[in-house]
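Novice: Quick one: the structure is below, and I'll ask about it shortly.
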Amino acid sequence: MKNVYLNHDGNIDDFISLLLLLQMPEINLIGVGVIDGDGYVDPAVSASRKIIDAFGQNSQISVSRSNSRAIHQFPKEWRLTAFSFNDLPILNERQNLKTPLTSQPAHLDLVEKIMQSKSKVTLVMTGPLTDLARAIMVNPQITDNIAELYWMGGSLHEAGNVDEPNHNGSAEWNAYWDPEAVKTVWDSNINIVMVGLDSTKQVPLTQKLKWHWASLRRYPALDLIGQGYALVHSFEANSTYYLWDVLTTLSCNYPQIITTEETKSSVNLNEPEAGRTYYNPESGRPLTFVTSVNAPKFFDKIDELGRKASYNWK
Ligand code: AGV
Ligand code: CA
Numbered sequence: 002m003k004n005v006y007l008n009h010d011g012n013i014d015d016f017i018s019l020l021l022l023l024q025m026p027e028i029n030l031i032g033v034g035v036i037d038g039d040g041y042v043d044p045a046v047s048a049s050r051k052i053i054d055a056f057g058q059n060s061q062i063s064v065s066r067s068n069s070r071a072i073h074q075f076p077k078e079w080r081l082t083a084f085s086f087n088d089l090p091i092l093n094e095r096q097n098l099k100t101p102l103t104s105q106p107a108h109l110d111l112v113e114k115i116m117q118s119k120s121k122v123t124l125v126m127t128g129p130l131t132d133l134a135r136a137i138m139v140n141p142q143i144t145d146n147i148a149e150l151y152w153m154g155g156s157l158h159e160a161g162n163v164d165e166p167n168h169n170g171s172a173e174w175n176a177y178w179d180p181e182a183v184k185t186v187w188d189s190n191i192n193i194v195m196v197g198l199d200s201t202k203q204v205p206l207t208q209k210l211k212w213h214w215a216s217l218r219r220y221p222a223l224d225l226i227g228q229g230y231a232l233v234h235s236f237e238a239n240s241t242y243y244l245w246d247v248l249t250t251l252s253c254n255y256p257q258i259i260t261t262e263e264t265k266s267s268v269n270l271n272e273p274e275a276g277r278t279y280y281n282p283e284s285g286r287p288l289t290f291v292t293s294v295n296a297p298k299f300f301d302k303i304d305e306l307g308r309k310a311s312y313n314w315k
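Basically the numbering used here = 1-based index in the sequence shown + 1.
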């Protein structure tokens, strides 16, 4: 069993990451932190607790709310999706939440859960790195008990996805949200597996995929996945939706779906390239970089986990 801690930021693929992590028999999820990034934090925390209540197979974990703040906040239109997701009827059959909310903010919860763990913890982060950076500053010893960090963020050889004034588009959003946090984590000795835009572009959200999930809606988890992804669309300019976070989450338990290379990277802190991660073979920090994904195997895994999930309220 692998002890895993998930820190996410409340967009659709973040929620689906939590849903799927709870279904992996080899994974012992020890905590969940939610940061105020790509989804308003309150509905994102609430939806996370409901997912655990309904699909958590009696998991005893709690959810922790982050008090970290953006350097560059996500567009409101994207952040609003968390409210819609939290209101889906499939997550509201029961009104009383059983999964507890921690009293500590997410970065302190992270410190506590890592220090308490008897085996090294695998971190999965599908949003900005701020809570981890703050956790390292509070207690630098945590890095000794982290097996590795799987992070959805950055891009190495591809363009970014930030389209904002004063920026040249070279950064990925999770990195741009708090570039300093990326630098803090890059400067630590944590083993990093980076899932950047280079590989996630191989798993776009397509109409065919939505129809596929619709055909399997008799399975509650696949119904929730279909309902969730119905809330986002891929037709606005420059806003194709990919399965960014789900790829990151499945990578931590199913290395056979990805190929990786050992490489080196650095990060820029200032405009117009704030949050740009780039290939730097001479003086960059070493990391394991996901170069490609076996898309059919990846989508099959989602189906497999979704079919066997039980919908069983606490
Ligand atoms: O940059 C990818 C990250 C992922 O963690 N997020 C979405 C995923 O949760 C930001 C993002 C980029 N483009 C988006 C995003 C879009 N069109 N809609 C919502 N979020
Ligand atoms: Ca995310």
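Note that CB positions come from ideal geometry on N, CA and C, so glycine has one too.
Rounded to a whole number of angstroms, what is the C-alpha to C-alpha distance between residue 66 and residue 27?
Specialist: Position 65 of the sequence shown holds residue 66. Position 26 of the sequence shown holds residue 27. So the alpha carbons of these two residues sit roughly 26 Å apart.
Novice: For residue 310, which residues in the same chain have their Cβ closer than 6 Å to its Cβ, ignoring the five residues on either side in sequence?
Specialist: Position 309 of the sequence shown, counting from 1, holds the residue named residue 310. If we look at residue 310 and ignore the five residues flanking it on each side, its Cβ neighbours are 24, 56 and 222.
Novice: Measure the alpha-carbon distance for residue 235 versus residue 244 and round it to whole angstroms.
Specialist: For the purposes of this step, residue 235 is identified with residue 234 of the sequence shown, where counting begins at 1. For the purposes of this step, residue 244 is identified with residue 243 of the sequence shown, where counting begins at 1. Going from the Cα of residue 235 to the Cα of residue 244 covers about 12 Å.
Novice: Whose beta carbon lies closer than 7 Å to any heavy atom of ligand 2, going through the chain in order?
Specialist: 9, 10, 12, 14, 15, 38, 39, 127, 128, 153, 175, 245 and 246
Novice: Just verifying my parser: in three-state terms, what is the DSSP assignment at residue 308?
Specialist: Taking the sequence shown and counting its residues from 1, one reaches residue 308 at position 307. Under the three-state reduction of DSSP, residue 308 is assigned to helix.
Novice: Among 4, 314, 250 and 267, whose alpha-carbon lies nearest the alpha-carbon of residue 123?
Specialist: Along the sequence shown, one-based indexing puts residue 123 at 122. The candidate whose alpha carbon is nearest that of residue 123 is 4.
Novice: How should residue 94 be labelled, buried or exposed, when 16 other C-beta atoms within 10 angstroms of its C-beta is the threshold for buried?
Specialist: The sequence position of residue 94 within the sequence shown is 93, counting from 1. Classification of residue 94: exposed, given that the 10 Å Cβ count is below 16.
Novice: Can you tell me whether residue 162 sits near ligand 1, meaning its C-beta is under 7 Å from at least one heavy atom of the ligand?
Specialist: As a working mapping, residue 162 is identified with position 161 in the sequence shown. It does: the Cβ of residue 162 is within 7 Å (strictly closer) of some heavy atom of ligand 1.
Novice: Once DSSP output is grouped into helix, strand and coil, what is the label at residue 158?
Specialist: For the purposes of this step, residue 158 is identified with residue 157 of the sequence shown, where counting begins at 1. Here residue 158 sits in coil by DSSP.
Novice: Within the present structure, is the beta-carbon of residue 122 separated from the nearest heavy atom of ligand 1 by less than 7 Å?
Specialist: As a working note, residue 122 is residue 121 in the sequence shown. False, no ligand heavy atom lies under 7 Å from that Cβ.
Novice: Going by the C-beta, is residue 240 closer than 7 Å to any heavy atom of ligand 1?
Specialist: Position 239 of the sequence shown, counting from 1, holds the residue named residue 240. True, at least one ligand heavy atom lies under 7 Å from that Cβ.
Novice: For ligand 1, is there a heavy atom less than 7 Å away from the beta-carbon of residue 159?
Specialist: Position 158 of the sequence shown, counting from 1, holds the residue named residue 159. No; taking the cut-off as 7 Å, the Cβ of residue 159 has no heavy atom of ligand 1 nearer than that.
Novice: Helix, strand or coil: which one does DSSP assign to residue 57?
Specialist: In the sequence shown, counting from the first residue as 1, residue 57 sits at position 56. Residue 57: coil per DSSP, three-state reduction.
Novice: Under 7 Å: does the beta carbon of residue 214 sit that close to some heavy atom of ligand 1?
Specialist: For the purposes of this step, residue 214 is taken as the residue at position 213 of the sequence shown. The answer is no for residue 214.
Novice: Which same chain residues end up closer than 6 Å to residue 154 when comparing Cβ atoms and leaving out the 5 residues on each side of it in sequence?
Specialist: As a first step, residue 154 must be located in the sequence shown, where it is residue number 153. Counting only Cβ-Cβ distances below 6 Å, and skipping sequence neighbours, we find 173, 175 and 176.
Novice: Give the range of the alpha helix (DSSP H) segment to which residue 268 is assigned.
Specialist: For this step, residue 268 is matched to residue 267 along the sequence shown. No alpha helix (DSSP H) holds residue 268; the beta strand (DSSP E) holding it covers 259-268.
Novice: On the DSSP bridge list, what partners appear for residue 193?
Specialist: Stepping through the sequence shown from its first residue, residue 193 is reached at position 192. Answer is 150.
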